[in-house]
Structures are given as C-alpha cells and as structure tokens.
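Heads up, the thing below is written out as structure tokens.
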Amino acid sequence: PGLIALMLACEWITPEAWDLPGRTVPATHGAEAFLARLIELEAAHPAGDPMVVFGWHAQFHGELHREDLDAVSADRPIVLWQRSFHELRCNGPALGWLAADEGAAWDPHVDLEKGRLWESGMVWGLRTLYPHLAGDGRLGALLGEVVEMVHRGGVTTIADAGWAMAGHDEYLETLLEVHGGDSVPFRQYLIPAPGRYRGEYGARAADKMAEHAGRATDRIRFLDAGKYFADGAFIAQLMQLGPPGYIDG
8 PGLIALMLAC
18 EWITPEAWDL
28 PGRTVPATHG
38 AEAFLARLIE
48 LEAAHPAGDP
58 MVVFGWHAQF
68 HGELHREDLD
78 AVSADRPIVL
88 WQRSFHELRC
98 NGPALGWLAA
108 DEGAAWDPHV
118 DLEKGRLWES
128 GMVWGLRTLY
138 PHLAGDGRLG
148 ALLGEVVEMV
158 HRGGVTTIAD
168 AGWAMAGHDE
178 YLETLLEVHG
188 GDSVPFRQYL
198 IPAPGRYRGE
208 YGARAADKMA
218 EHAGRATDRI
228 RFLDAGKYFA
238 DGAFIAQLMQ
248 LGPPGYIDG
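If you read the sequence shown in this note's numbering, its first letter stands for residue 8, the second for the next number, and so on.
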C-alpha cells in the first residue's frame, strides 16, 4: 500500500489504461505518443512545481534520456518513474533537484549524462521524492485512495514486502489510522526490510522490528520474515541474467 500511495501522488502515463480514484488514465504506446502526453501534462502542471510521472517503460515507450526530457522543459524538474519503480529518468533540472551529482560521486547506479538513476540510485532520489509526494500530511489521503482501489477490486488480503520507504514510525502511525479501522474491508501483512531498519535505527533495528510487530491488529499484521535485495528488478530488466537472458525481449 505504501508504494501504491506514492504512485498515486504522481502523474501517470502508462502502457495500460487505469481507472484511478478521481481520474482515468488512457493507455499510451510508443515514444511519440508518450512525449506528446508528457508535453500536455507539463503545460498543465503548476508553474515551478517539479513534475513526477509514473509509468514509463522502454519496451512500450522507447528509450528516453536527459536530452529528451530537457526538450520538454529546460526549467522545470521532470522525473519519469519507471513502471517497475526501480528506475528514474530525469532532465537536467531534476538531477539538480535530486542532488544526483552528490549521489554519482559514490554510486555507480547514477548516470548524469543520461539522466538515469536506478536501484540504489533510485533510493538516493527517493530522499527528495518521498517528502515531495507524500509529506506535509498527504500520506493519509493517499492511503485512503488505496483503500478505495483495493475495495473496488474485491481484494481481501494484501501485503507490503519491505514496508515503509521512509520513516517507519510515522508511516505505521498513519497506516494504523487509515487502514486499521473496522470499516476497512481487507487485511494486510507487513514484511520488514532489515536493511532499511538498520539504516534508520542502527543497533536498535531488531528491537524496533519487534516493537512495530507488537502493534499488530486484526487488519494489519506482521510476518516473521524479511525482504532482502540481491539483484535488480526483472520487470525493469535490471535483473542480471546469464545466457540466454531475457528471451522474450
């Protein structure tokens, strides 16, 4: 739910059509159609506000790099959030907004020339993206939209592997408030990412995981398991494979 909430705060240009709370998204295929829609969204976006767009994928929309996005706007930060979530494509202003040059100094997953941040590079960008999209009290409203989507789909159980992309305490408080009531028609399982806990809490990570699990309710439950990251996302084709590799493209 946390990931979907963050995506709902973005503009969407996707290869499939979506019926989202408060808006519909048409299917978009091909680089020309994608860029045309991106130009439309940029023209309608509030002046001076960075624009984050979810749904781009090279297999559906062609390769897009920094120079392509600079041609849409050389002033406004524009970030394309890849359909698998594991990669960002940025124009020049967006690289500055995300302090990508600082990340590139130590992370090989930041390519300033192409405007590309992926895997750990995407996590670097998330430090700026998360508060921009879900900060200042917006997270609760976004999680409310997730309730609507899950209910509409008739789903009764969901899970969040590696829950809380930033701030476990704050996220859990908001989640319990929005998703913990008897009126919520589904249950969910939260699976921690120990690496994120260590990054936030250091030596107290195990104690904090136990503390959070102790706040389980009938609606929000914790699994005694963990999510670990060993490779890239297969949907983004960032997972590294030996021969024959990705045989379907």
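Glycine residues also receive a C-beta, built at the ideal position from the N, C-alpha and C atoms.
> So, are the CB atoms of ALA101 and LEU71 less than 8 Å apart?
Replying inline: Contact: no.
>> Can you tell me where the beta strand (DSSP E) holding MET14 begins and where it ends?
In response: Note, MET14: premise wrong, no beta strand (DSSP E); alpha helix (DSSP H) at 9-15.
> When you compare only the Cα positions, how much space is there between TRP19 and ALA171?
Replying inline: 22 Å
>> On a Cα-Cα basis, can you pick out the residue from ALA173, GLU218, ARG222, GLN66 that is closest to GLY132?
In response: ALA173
> My guess is that GLY128 and GLY110 are in contact by the Cβ rule of under 8 Å, so how many angstroms apart are they, rounded?
Replying inline: 6 Å
>> Going by beta-carbon coordinates alone, are THR181 and LEU150 separated by less than 8 Å?
In response: yes
> So HIS93 and TRP125 are in contact, right, with Cβ under 8 Å, and what is the actual spacing, rounded?
Replying inline: 6 Å
>> With a threshold of 6 Å on Cβ separation, who are the neighbours of VAL86 within its own chain once the five nearest residues in sequence on each side are excluded?
In response: VAL59, LEU95, CYS97, ALA101
> CB-CB under 7 Å to LEU119, same chain, minus the five flanking residues each way: which ones, in chain order?
Replying inline: These residues qualify, in order along the chain: LEU102, ALA107, ASP108, ALA111.
> What's the C-alpha gap between ALA168 and LEU197?
Replying inline: Just so you know, the alpha carbons of ALA168 and LEU197 end up roughly 6 Å apart.
>> ILE165 and PRO8 - do their beta-carbons sit closer together than 8 Å?
In response: yes
>> According to DSSP, ALA166 sits in a beta bridge with which residue or residues?
In response: According to DSSP, ALA166 bridges with TYR196.
>> In the DSSP output, which residue or residues are listed as bridge partners for ILE85?
In response: MET58
> If you compare alpha carbons, which of TYR178, PRO115, ALA200 is closest to GLY144?
Replying inline: TYR178
>> Going by C-alpha to C-alpha distance, which of ASP189, CYS17, PHE236, ASP75 sits closest to PHE41?
In response: ASP75
> Is LEU45 buried or exposed, if buried means 16 or more other CB atoms sit within 10 Å of its CB?
Replying inline: Buried: at least 16 other Cβ atoms inside 10 Å.
> Can PRO192 and HIS219 be called in contact, C-beta distance under 8 Å?
Replying inline: no
> Which residues share a DSSP beta bridge with PHE229?
Replying inline: LEU197
> Where ARG222 and TRP88 are concerned, what is the direct C-alpha to C-alpha distance, given to the nearest angstrom?
Replying inline: 33 Å
>> For LEU48 and ASP214, I'd like the C-alpha separation in whole angstroms.
In response: 45 Å
> Since VAL130 sits in a beta bridge, which residues does DSSP pair it with?
Replying inline: Looking at the DSSP assignment, VAL130 forms no beta bridge with any residue, so it has no partner.
>> On the CB-based measure, 16 or more other CB atoms within 10 Å of its CB, does THR21 come out buried or exposed?
In response: buried
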